[in-house]
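2 protein chains.
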Amino acid sequence: MARESKKHKDIITTARELFWKHGFKRMSVEEICRKANVSKMTYYKYFPNKIELAKTMFNNVVEEGEKQFRMIMKEDSTAAEKLEKIILLKMEGTNSISPEFLQDFYTGSEPELKAFVEERTKKTWDLLINDFKEAQEAGIFRKDFKPEFMVIIQNMLIGIIEDENITAMFDTRQELIMEFVNLIIYGIAPRE
Amino acid sequence: MARESKKHKDIITTARELFWKHGFKRMSVEEICRKANVSKMTYYKYFPNKIELAKTMFNNVVEEGEKQFRMIMKEDSTAAEKLEKIILLKMEGTNSISPEFLQDFYTGSEPELKAFVEERTKKTWDLLINDFKEAQEAGIFRKDFKPEFMVIIQNMLIGIIEDENITAMFDTRQELIMEFVNLIIYGIAPRE
DNA sequence: TGTAAATATACGAAAATAATATAAATATAC
DNA sequence: GTATATTTATATTATTTTCGTATATTTACA
Numbered sequence: 029m030a031r032e033s034k035k036h037k038d039i040i041t042t043a044r045e046l047f048w049k050h051g052f053k054r055m056s057v058e059e060i061c062r063k064a065n066v067s068k069m070t071y072y073k074y075f076p077n078k079i080e081l082a083k084t085m086f087n088n089v090v091e092e093g094e095k096q097f098r099m100i101m102k103e104d105s106t107a108a109e110k111l112e113k114i115i116l117l118k119m120e121g122t123n124s125i126s127p128e129f130l131q132d133f134y135t136g137s138e139p140e141l142k143a144f145v146e147e148r149t150k151k152t153w154d155l156l157i158n159d160f161k162e163a164q165e166a167g168i169f170r171k172d173f174k175p176e177f178m179v180i181i182q183n184m185l186i187g188i189i190e191d192e193n194i195t196a197m198f199d200t201r202q203e204l205i206m207e208f209v210n211l212i213i214y215g216i217a218p219r220e
Numbered sequence: 029m030a031r032e033s034k035k036h037k038d039i040i041t042t043a044r045e046l047f048w049k050h051g052f053k054r055m056s057v058e059e060i061c062r063k064a065n066v067s068k069m070t071y072y073k074y075f076p077n078k079i080e081l082a083k084t085m086f087n088n089v090v091e092e093g094e095k096q097f098r099m100i101m102k103e104d105s106t107a108a109e110k111l112e113k114i115i116l117l118k119m120e121g122t123n124s125i126s127p128e129f130l131q132d133f134y135t136g137s138e139p140e141l142k143a144f145v146e147e148r149t150k151k152t153w154d155l156l157i158n159d160f161k162e163a164q165e166a167g168i169f170r171k172d173f174k175p176e177f178m179v180i181i182q183n184m185l186i187g188i189i190e191d192e193n194i195t196a197m198f199d200t201r202q203e204l205i206m207e208f209v210n211l212i213i214y215g216i217a218p219r220e
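Protein chains in written order, with our numbering: chain A, 29 to 220; chain B, 29 to 220.
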């Protein structure tokens, strides 16, 4: 009963792909098994039910995101560089959570999974904010900036990316990110 | 009972989005109605069942693709320009058929829809090949080139786009397309 | 107000799904 | 080659979901 079994891993990565793309409800255990080349019986050897698979999968993704985030924060780099890397990380999709996956929860069904996701997300935010505070104390960010404000910045970014009027103003995504980072880091006041 | 009803259109465009993204089986009529802001009853006023909706939707997409294709073929332009535009059209997704949508059929389920899609696709190919022949007779393409070969070229293109080793060789998608078009139009023999 | 269209709701039958049980097949270790 | 442990194929049951219809209500609108 090796917990690091190949099949076990296959199930999780397949689940991530499919839940991410189509959402939780739309995917059946059987289809996940088929795509992962695992029989249903081996599936139920590792996971007691469908929800538990989603939890494990989500947990893995969040943990991976946390790890990458902390790596960036520990790097010896400026605030602008850090922020840019964090945004890129988010946009690469490794860290960002698929709306398809979240959709099911916010329609009211699957309250157990919804609670789990919310709690886990909150826990992550606490961690990230703490890292921000440390970086702040180390002098990387302005002292009177509230790290909790990062949540709001995240939402701003999402809004900007989804706004076609804004994206149309830039030739490349990179340019848009740099502009955004500069705004967040330096504000709109002229530099001296 | 206006056949050009707004609701009727809403259903089709929503179905296209969702079938395209998640496939036929995974989408329920109810969810399509919900996303299209149409009650189930009005849905069944316009469509007798789920398959008929998929057929209508597919038909619309193919017809739209045909129209755009013929427009390009009728234009006063060189073979290279035409081919490039056709490829771009395909890549924009307006014309290309989502693999998610096709997947259900090739697993054996839904034989009726499978038959319909195959027949409709064949009919389209016949039309397109005919247009190619006309263009050929008009001197736009080499006389001893078999238009039926276009099917094979299509498959080549799909293979190339999905091959990361190849796409990595080009900075932009445009470059890759141009290279491919040049190969198809002029071959690899040196130009005099 | 009166008429046509759209909706919400409920409903039954059929199909799909989650989860379990059992026997056969495969792989691995000795 | 045999024994042991995994994995699979298949069948099964209870529970949901889904399809498609019927009815009663609400909305649009002329």
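Cβ coordinates follow ideal geometry from the N, Cα and C atoms, glycine included.
Legend entry - Separation of E94 (chain B) from S56 (chain A), as counted between CA atoms: The sequence position of residue 56 (chain A) within the first sequence is 28, counting from 1. The sequence position of residue 94 (chain B) within the second sequence is 66, counting from 1. Looking at the two C-alpha atoms, the distance is approximately 36 Å.
Inset, instruction - Specify, as a first and last residue, the run of the alpha helix (DSSP H) that V90 (chain A) falls within. - result: Taking the first residue of the first sequence as position 1, residue 90 (chain A) is located at position 62. Here the alpha helix (DSSP H) through V90 (chain A) covers K78 to K102.
Inset, instruction - Kindly list, in the order they appear in chain A, the residues whose Cβ is closer than 7 Å to that of R201 (chain B). - result: Numbered from 1 along the second sequence, position 173 holds the residue referred to as residue 201 (chain B). Those do not exist, as R201 (chain B) stays about 14 Å from chain A at its closest Cβ, beyond 7 Å.
Legend entry - Contacting residues, own chain, Cβ-Cβ under 6 Å from P175 (chain B) (five flanking each side not counted): For the purposes of this step, residue 175 (chain B) is identified with residue 147 of the second sequence, where counting begins at 1. By the criterion of a C-beta distance shorter than 6 Å, P175 (chain B) is surrounded in its chain by I157, F160 and K161, once the five residues flanking it on both sides are discounted.
Inset, instruction - Return no unless some Cβ of chain A is closer than 8 Å to the Cβ of R54 (chain B). - result: As a position in the second sequence, residue 54 (chain B) is number 26, starting the count at 1. Judged by the 8 Å Cβ criterion, R54 (chain B) is in contact with chain A.
Legend entry - CB contact check: H50 (chain A) to chain B, cutoff 8 Å: Within the first sequence, the letter at position 22 stands for residue 50 (chain A). Closer than 8 Å to some Cβ of chain B, the Cβ of H50 (chain A) qualifies, so yes.
Inset, instruction - Could you check which residue in B:K83, B:I115 and B:I181 has the C-alpha nearest to that of E138 (chain B)? - result: Residue 138 (chain B) sits at position 110 when you count from the first residue of the second sequence. Closest option to E138 (chain B), Cα to Cα, is B:K83.
Legend entry - Cβ separation of E140 (chain B) and H50 (chain B), assumed to be a contact under 8 Å, to the nearest whole Å: For this step, residue 140 (chain B) is matched to residue 112 along the second sequence. For this step, residue 50 (chain B) is matched to residue 22 along the second sequence. Contact check for E140 (chain B) and H50 (chain B): beta-carbon distance about 20 Å, past the 8 Å limit, so the pair fails to qualify.
Inset, instruction - Measure the Cβ-Cβ separation of V90 (chain A) and R148 (chain A) and say whether it is below 8 Å. - result: Position 62 of the first sequence holds residue 90 (chain A). Position 120 of the first sequence holds residue 148 (chain A). Yes, the Cβ-Cβ distance between V90 (chain A) and R148 (chain A) is below 8 Å.
Inset, instruction - Under 8 Å by Cβ, that's how I've got V209 (chain A) and L111 (chain A) pegged, so tell me the actual separation to the nearest angstrom. - result: To locate residue 209 (chain A), count along the first sequence from 1; it is residue 181. To locate residue 111 (chain A), count along the first sequence from 1; it is residue 83. About 5 Å; that satisfies the 8 Å criterion.
Inset, instruction - Would you tell me roughly how many angstroms separate the C-alpha atoms of A163 (chain A) and I100 (chain A), rounded to the nearest one? - result: By 1-based counting over the first sequence, the position of residue 163 (chain A) is 135. By 1-based counting over the first sequence, the position of residue 100 (chain A) is 72. Rounded to whole angstroms, A163 (chain A) to I100 (chain A) spans 11 Å at the Cα level.
Inset, instruction - Tell me whether F160 (chain A) sits in a helix, a strand or coil according to DSSP, three-state version. - result: The count along the first sequence starts at 1 and reaches residue 160 (chain A) at position 132. The answer is helix: DSSP assigns F160 (chain A) an H, G or I state.
Inset, instruction - Go to P127 (chain B), then tell me how far its alpha helix (DSSP H) extends in each direction, as first and last residue. - result: One-based indexing of the second sequence puts residue 127 (chain B) at position 99. If you look at P127 (chain B), you'll find it in the alpha helix (DSSP H) that goes P127 to Y134.
Legend entry - Cβ contact (3+ pairs, closer than 8 Å) linking the region 32–43 of chain A and the region 69–82 of chain A: Cβ pair count under 8 Å is three or more, so yes.
Inset, instruction - State buried or exposed for I180 (chain B), treating a residue as buried only when at least 16 other CB atoms are found within 10 Å of its CB. - result: Within the second sequence, residue 180 (chain B) is the residue found at index 152, counting from 1. Taking every protein chain shown into account, the CB of I180 (chain B) has fewer than 16 other CB atoms within 10 angstroms, so this residue is exposed.
Legend entry - Reduced DSSP secondary structure (H/G/I, E/B, other) of T152 (chain A): Along the first sequence, read from residue 1 onward, the residue named residue 152 (chain A) stands at position 124. Three-state result, T152 (chain A): helix.
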